[in-house]
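Enquirer:
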Amino acid sequence: AQSVAQPEDQVNVAEGNPLTVKCTYSVSGNPYLFWYVQYPNRGLQFLLKYITGDNLVKGSYGFEAEFNKSQTSFHLKKPSALVSDSALYFCAVRGRGANNLFFGTGTRLTVIP
Amino acid sequence: EAGVAQSPRYKIIEKRQSVAFWCNPISGHATLYWYQQILGQGPKLLIQFQNNGVVDDSQLPKDRFSAERLKGVDSTLKIQPAKLEDSAVYLCASSLEATYQETQYFGPGTRLLVL
Numbered sequence: 001a002q003s004v005a006q007p008e009d010q011v012n013v014a015e016g017n018p019l020t021v022k023c024t025y026s027v028s029g030n031p032y033l034f035w036y037v038q039y040p041n042r043g044l045q046f047l048l049k050y051i052t053g054d055n056l057v058k059g060s061y062g063f064e065a066e067f068n069k070s071q072t073s074f075h076l077k078k079p080s081a082l083v084s085d086s087a088l089y090f091c092a093v094r095g096r097g098a099n100n101l102f103f104g105t106g107t108r109l110t111v112i113p
Numbered sequence: 114e115a116g117v118a119q120s121p122r123y124k125i126i127e128k129r130q131s132v133a134f135w136c137n138p139i140s141g142h143a144t145l146y147w148y149q150q151i152l153g154q155g156p157k158l159l160i161q162f163q164n165n166g167v168v169d170d171s172q173l174p175k176d177r178f179s180a181e182r183l184k185g186v187d188s189t190l191k192i193q194p195a196k197l198e199d200s201a202v203y204l205c206a207s208s209l210e211a212t213y214q215e216t217q218y219f220g221p222g223t224r225l226l227v228l
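Chains as they are written, first to last, in this note's numbering: chain G, 1 to 113; chain W, 114 to 228.
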């Protein structure tokens, strides 16, 4: 069985500070990991994914994520937060042999001006 | 490149009524997904199509939900009859292929409220 945990429902960060949104996963075999962002009344937008290779993945809008196999984590990071980054962030995992993406419950990021 | 299109964007119905949602995937995308997102939760897969065939409908409540993708392009999801617990956002997504590493691209969703 596959699962994703996003331990923080809400993350607040000041504009210009670094941000981290946490994600841990459980899956059989090697995982495929994804981050999506959801703005109000809009669908999910793809940010980045880890398939294989370099553990540090760079994505859209200056976001990056680090895959840590020993800790089964895939935390989303950005060096300097913008107010426009305020949104709902979803981590998702897909195990080899699984048809679907399994999503976490989401973390609401608020960047304070 | 146009994204995934969905309509309507909002729908309000009474319980026991029927409702249908439409999705047009990104051009050339063979795989189409319907997800249900209940408030406060992540999206959950309802059904996956590869061209016009069903790959996975194990989570689809088949007594009331149905979906089709007759020509392997656009798709319709229907609920009949609707229950209060069907209130959710219904997201359509598409990907080029069904391989594990393929990125799924999502439409804006249809927000359904069942009264």
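Glycine is no exception: its CB is placed at the ideal position from the N, C-alpha and C atoms.
CB glycine 16(G) to CB serine 73(G), shorter than 8 Å?
Expert: Here residue 16(G) corresponds to residue number 16 of the first sequence, with the count starting at 1. Here residue 73(G) corresponds to residue number 73 of the first sequence, with the count starting at 1. With respect to the 8 Å criterion, glycine 16(G) and serine 73(G) are not classified as neighbours on the basis of their beta carbons.
Enquirer: Check the C-beta distance from arginine 177(W) over to proline 194(W) and give it rounded, since I have them as a contact under 8 Å.
Expert: Locating residue 177(W) in the second sequence gives position 64, where the first residue counts as 1. Locating residue 194(W) in the second sequence gives position 81, where the first residue counts as 1. For arginine 177(W) against proline 194(W), the beta-carbon gap comes to about 6 Å, under 8 Å, which counts as contact.
Enquirer: Can you tell me where the beta strand (DSSP E) with arginine 177(W) in it begins and where it stops?
Expert: If you number the second sequence from 1, residue 177(W) lands on position 64. Looking at the DSSP string, arginine 177(W) is not in any beta strand (DSSP E), and its letter there is neither H nor E.
Enquirer: Which residues in the same chain have their Cβ closer than 6 Å to the Cβ of valine 202(W), if we skip the five residues on either side of it in sequence?
Expert: Mapped onto the second sequence, residue 202(W) falls at position 89. Cβ within range, chain order: Gln150, Gly222, Arg224.
Enquirer: Can you confirm whether asparagine 12(G), when its beta carbon is compared against all beta carbons of chain W, has any partner nearer than 8 Å?
Expert: Indexing the first sequence from 1 puts residue 12(G) at position 12. Not an interface residue.
Enquirer: Suppose the cutoff is 7 Å on Cβ atoms and the five residues either side in sequence are ignored; what does the same chain contact list for threonine 105(G) look like?
Expert: Along the first sequence, read from residue 1 onward, the residue named residue 105(G) stands at position 105. Only Gln6 meet the Cβ criterion.
Enquirer: Quick one: using the 10 Å Cβ neighbour count with 16 as the cut-off for buried, is aspartate 54(G) buried or exposed?
Expert: Start at 1 with the first residue of the first sequence, and residue 54(G) comes out as number 54. Aspartate 54(G) comes out exposed.
Enquirer: Select from the region 79 to 101 of chain G all residues with a C-beta closer than 9 Å to any C-beta belonging to chain W, and list them in chain order.
Expert: Phe90, Cys91, Ala92, Arg94, Gly95, Arg96, Gly97, Ala98, Asn99, Asn100, Leu101
Enquirer: So, with DSSP's three-state summary, where would you put leucine 159(W)?
Expert: One-based indexing of the second sequence puts residue 159(W) at position 46. Of the three classes helix, strand and coil, the one that applies to leucine 159(W) here is strand, per DSSP.
Enquirer: Considering only C-alpha positions, which residue in the set Asn165(W), Leu190(W), Gln154(W) is nearest to alanine 211(W)?
Expert: Stepping through the second sequence from its first residue, residue 211(W) is reached at position 98. It is Asn165(W).
Enquirer: Could you check how far apart the C-beta atoms of isoleucine 111(G) and leucine 82(G) are, in whole angstroms? I think they sit under 8 Å.
Expert: In the first sequence, residue 111(G) corresponds to position 111, counting from 1. In the first sequence, residue 82(G) corresponds to position 82, counting from 1. Residue identity differs from the one stated: residue 111(G) is valine in this sequence, not isoleucine. Correct: roughly 6 Å between the Cβ atoms.
Enquirer: By the 10 Å Cβ neighbour count, where 16 or more other Cβ atoms means buried, how is glutamine 154(W) classified, buried or exposed?
Expert: Here residue 154(W) is taken as the residue at index 41 of the second sequence, counted from 1. Per the 10 Å Cβ criterion, exposed.
Enquirer: Exposed or buried, lysine 49(G), counting other C-beta atoms within 10 Å across all chains shown (16 or more means buried)?
Expert: Looking up residue 49(G) in the first sequence gives position 49. Classification of lysine 49(G): buried, given that the 10 Å Cβ count is 16 or more.
Enquirer: Less than 8 Å between the C-beta atoms of glycine 185(W) and valine 117(W), yes or no?
Expert: Reading the second sequence from its first residue, position 72 is the one you call residue 185(W). Reading the second sequence from its first residue, position 4 is the one you call residue 117(W). No; because the gap between Cβ atoms is not below 8 Å, this pair is not in contact.
Enquirer: Taking any Cβ of chain G, which residues in the region 168 to 195 of chain W have a Cβ under 7 Å from it, in chain order?
Expert: Of all residues in the region 168 to 195 of chain W, the ones placed with a Cβ closer than 7 Å to any Cβ belonging to chain G are Val168, Asp169, in chain order.
Enquirer: For histidine 75(G), tell me which candidate among Gly29(G), Gln2(G), Leu33(G), Gln10(G) has the shortest Cα-Cα distance.
Expert: Here residue 75(G) corresponds to residue number 75 of the first sequence, with the count starting at 1. Comparing Cα-Cα distances from histidine 75(G) to each of Gly29(G), Gln2(G), Leu33(G), Gln10(G), the minimum goes to Leu33(G).
Enquirer: Buried or exposed for leucine 183(W), going by 16 or more other Cβ atoms inside 10 Å?
Expert: Taking the second sequence and counting its residues from 1, one reaches residue 183(W) at position 70. With fewer than 16 other Cβ atoms within 10 Å, it is exposed.
Enquirer: Can you have a look at glycine 62(G) and say buried or exposed, based on whether 16 or more other CB atoms are within 10 angstroms of its CB?
Expert: The count along the first sequence starts at 1 and reaches residue 62(G) at position 62. By the neighbour-count criterion, in which a residue is buried when 16 or more other Cβ atoms sit within 10 angstroms of its Cβ, glycine 62(G) is exposed.
Enquirer: Distance cutoff 8 Å, beta carbons only. Does threonine 105(G) sit that close to anything in chain W?
Expert: As a working mapping, residue 105(G) is identified with position 105 in the first sequence. For threonine 105(G), the answer is yes, since a Cβ of chain W falls inside 8 Å of its Cβ.
Enquirer: Under the DSSP definition of a beta bridge, which residues are partnered with alanine 133(W)?
Expert: In the second sequence, counting from the first residue as 1, residue 133(W) sits at position 20. DSSP, once it has assigned bridges, lists Lys191(W) as partnering alanine 133(W).
Enquirer: For valine 132(W) and isoleucine 125(W), what's the separation of their Cα atoms in angstroms?
Expert: Taking the first residue of the second sequence as position 1, residue 132(W) is located at position 19. Taking the first residue of the second sequence as position 1, residue 125(W) is located at position 12. Distance between the alpha carbons of valine 132(W) and isoleucine 125(W) is about 9 Å.
Enquirer: Put glutamate 87(W) into one of helix, strand or coil per three-state DSSP.
Expert: For chain W, the structure presents residues 114 to 228; residue 87(W) sits outside this window and is missing.
Enquirer: Starting from histidine 75(G), follow the beta strand (DSSP E) in both directions and report where the run begins and ends.
Expert: Walking along the first sequence from the start, residue 75(G) turns up at place 75. First-last of the beta strand (DSSP E) with histidine 75(G): 73 to 78.
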